[in-house]
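S.K.: Here our numbering is used: the first residue of the sequence shown is 328, the next is one more, and so on.
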Amino acid sequence: MPRIRPITDLRNTTEISELCHQSHEPIFITKNGYGDLVVMSIESYERQFAKATLYAKLAAAEKQVADGAELIDADEVFSRLRVKHVK
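1. Determine the closest residue to V366 out of R332, D402, A401, with distance taken between C-alpha atoms.
2. Check the C-beta distance from I354 over to I343 and give it rounded, since I have them as a contact under 8 Å.
3. Evaluate I356 with the Cβ neighbour count: other Cβ atoms within 10 Å of its Cβ, from every protein chain shown; 16 or more gives buried, anything less gives exposed.
4. Under the rule that 16 or more other beta-carbon atoms within 10 Å means buried, what is S406, buried or exposed?
5. Roughly how many whole angstroms lie between the Cα atoms of G362 and R330?
6. Grouping DSSP H, G and I as helix and E and B as strand, with all else coil, what is I356?
7. Pick helix, strand or coil for V365, following the three-state DSSP scheme.
What follows is the structure, encoded as structure tokens:
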């Protein structure tokens with residue numbers, strides 16, 4: 328369930344910070360009854376950013392496959408990496 332708080336609650340930064348860290352979810356801040364801001368902990372932001380990055384990379388990989396890119400077997404990939412990086 329999303330947490331929605333009025334902008335006046337930002338005066339109590341400690342409470343908002345604790346809510347962010349306890350819920351591990353963003354808090355939606357309203358101004359005059361309308362959505363205005365989203366506040367979240369750094370950990371939550373980093374998790375969301377990592378997911379978005381992963382989804383973008385997966386979409387790019389799926390597009391490459393759909394466009395006919397050459398597929399390489401995983402064993403071949405790891406073999407090439409060993410040759411290149413293992414001394």
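Heads up, the beta-carbon is just placed ideally off N, CA and C, and yes, glycines get one too.
M.R.: So, to answer that:
1. It is R332.
2. Contact holds; Cβ gap of about 7 Å.
3. For I356, the number of other beta carbons within 10 angstroms of its own is at least 16, and it is reported as buried.
4. So S406 counts as exposed.
5. Their backbone Cα atoms lie some 12 Å apart in a straight line.
6. In the displayed model, I356 falls within a strand according to three-state DSSP.
7. Annotated three-state conformation of V365 is strand, per DSSP.
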